Amino acid sequence: MGKGKGTTRRNILITGASSGLGRGMAREFASRGRNLALAARRTERLEELRDELLAAHPQITVAIRSLDVDVHDDVFRVFREFDDELGGLDRVVVNAGLGKGQPLGTGYFHANVATARTNFLGALAQSEAALELFRPRNAGHLVLISSVSAMRGMPRNLTTYAASKAAVGALGEGMRADLAQTGIDVSTIFPGFIRSEINEKVKKVPFIVDTETGCRALAAAIEKEPNKAYVPAWPWTPVAYAMKVLPLSVVAKMA
Ligand SMILES: NC(=O)c1ccc[n+]([C@@H]2O[C@H](COP(=O)([O-])OP(=O)(O)OC[C@H]3O[C@@H](n4cnc5c(N)ncnc54)[C@H](OP(=O)(O)O)[C@@H]3O)[C@@H](O)[C@H]2O)c1
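Here is the structure:
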């Protein structure tokens with residue numbers, strides 16, 4: 001449990017809210033009566049989601065903005081605009097991400113660099129922008145969405161993705177160390193497999209849960225404001241531990 005224990009985070013920004021986990025977490029937090037700031041590039045989807053959430057929960061505020069997290073100046077501008085519009089952001093969920101990677105040395109540097117740029121540099125820009133808002137207030141909850149794949153080096157199309165998510169995990173831990181004496185909380189969430197567009201083409205995925213089940217577990221984990229959480233906790237907490245200690249040859253077979 002973080003320093004903000006007992007504080008209700010009323011105004012929540014989620015990036016990558018047009019699909020999958022971001023959209024699912026928006027639905028979960030809306031059902032808890034929270035105001036939302038939702039960003040992604042596909043704004044028509046955000047408009048649909050805003051209409052859906054306001055119809056179901058007329059008491060909340062839902063702000064939406066077009067945002068490409070690879071355009072770093074826009075990240076800072078949009079976060080400040082959301083902060084003004086909602087009257088102060090209490091929680092920022094750094095969720096936008098992609099898994100386009102391919103094995104290294106096979107002619108897909110463009111895909112690997114896109115994955116690294118969005119997942120790591122995008123998360124860095126979002127963390128900077130969030131902390132510029134949180135530091136003067138000495139309050140706020142920053143949530144980074146990493147991945148269980150961050151536990152170890154991963155083969156094939158997961159190599160760059162896993163490395164980018166490990167970097168996100170290290171970034172979260174570093175910020176937590178840096179902010180230990182402040183009122184700001186930093187949580188790193190390591191999701192296991194949750195059905196979304198990122199894995200829709202993969203038919204057989206071990207332990208996968210549907211989007212709603214996964215996002216309910218994500219929202220519940222985030223509300224506890226842990227330093228780290230593997231979600232859903234079962235089976236991913238023991239799986240993550242096993243991944244850290246097993247030989248690489250065994251871990252590679254799990255990928
Ligand atoms: N699903 C899983 O099993 C799983 C497991 C571990 C971690 N994760 C992580 O969870 C996060 C959400 O993924 P998902 O599973 O929900 O996949 P998804 O359905 O493909 O959603 C990805 C979201 O990220 C946004 N996005 C991608 N690139 C962006 C950019 N340059 N600028 C702004 N937004 C961008 C997309 O919005 P637009 O295209 O509209 O911009 C979309 O809303 C990712 O960080 C992913 O790595 C997922």
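First residue of the sequence shown? That's 1 in the numbering used here, and the numbers climb one at a time after it. All residues carry an ideal CB built from backbone N, CA and C; glycine is no exception. This structure is a prediction, so every number in the text was calculated from the model and none was measured.
Measuring from the CB of E197, is there a heavy atom of ligand 1 at a distance below 6 Å?
The count along the sequence shown starts at 1 and reaches residue 197 at position 197. Yes - ligand 1 has a heavy atom lying nearer than 6 Å to the Cβ of E197.
4-residue-minimum alpha helix (DSSP H) runs that sit fully inside the segment 17 to 72, ordered along the chain:
DSSP runs (the alpha helix (DSSP H)) wholly in the segment 17 to 72: 20 to 31, 43 to 56.
Cβ-Cβ separation, H141 to G4 (assumed contact under 8 Å), whole Å
As a position in the sequence shown, residue 4 is number 4, starting the count at 1. As a position in the sequence shown, residue 141 is number 141, starting the count at 1. About 6 Å separates the Cβ atoms of G4 and H141, confirming a contact at the 8 Å cut-off.
Of the residues P103, G105, A123, G99, which one's Cα is nearest the Cα of T115?
Within the sequence shown, the letter at position 115 stands for residue 115. When only C-alpha atoms are compared, the closest one is G99.
Compute the minimum distance between the beta carbon of I64 and the heavy atoms of ligand 1, and state whether it is under 6 Å.
Sequence index remark: in the sequence shown, residue 64 carries index 64 (1-based). For I64, the CB stays at least 6 Å from every heavy atom of ligand 1.
Ligand 1 heavy atom lying under 6 Å from the CB of R135
What you label residue 135 is simply residue 135 of the sequence shown in a count that begins at 1. Incorrect: R135 has no Cβ contact closer than 6 Å to ligand 1.
From the DSSP output, which residues share a beta bridge with G140?
As a position in the sequence shown, residue 140 is number 140, starting the count at 1. G140 pairs with I184.
So what does DSSP say about L13, is it helix, strand or coil?
Taking the first residue of the sequence shown as position 1, residue 13 is located at position 13. Reduced to three states, the DSSP call for L13 is strand.
Identified DSSP bridge partners for K228:
Position 228 of the sequence shown, counting from 1, holds the residue named residue 228. Answer by DSSP bridge pairing, in chain order: T188.
CB contact flag (M151, K244, <7 Å):
Within the sequence shown, numbered from 1, the residue matching residue 151 stands at position 151. Within the sequence shown, numbered from 1, the residue matching residue 244 stands at position 244. Cβ distance < 7 Å, so M151 and K244 count as in contact.
Does the pairing of the segment 2 to 16 with the segment 192 to 206 give three or more beta-carbon distances under 8 Å?
At 8 Å Cβ cutoff, the stretches do not touch.
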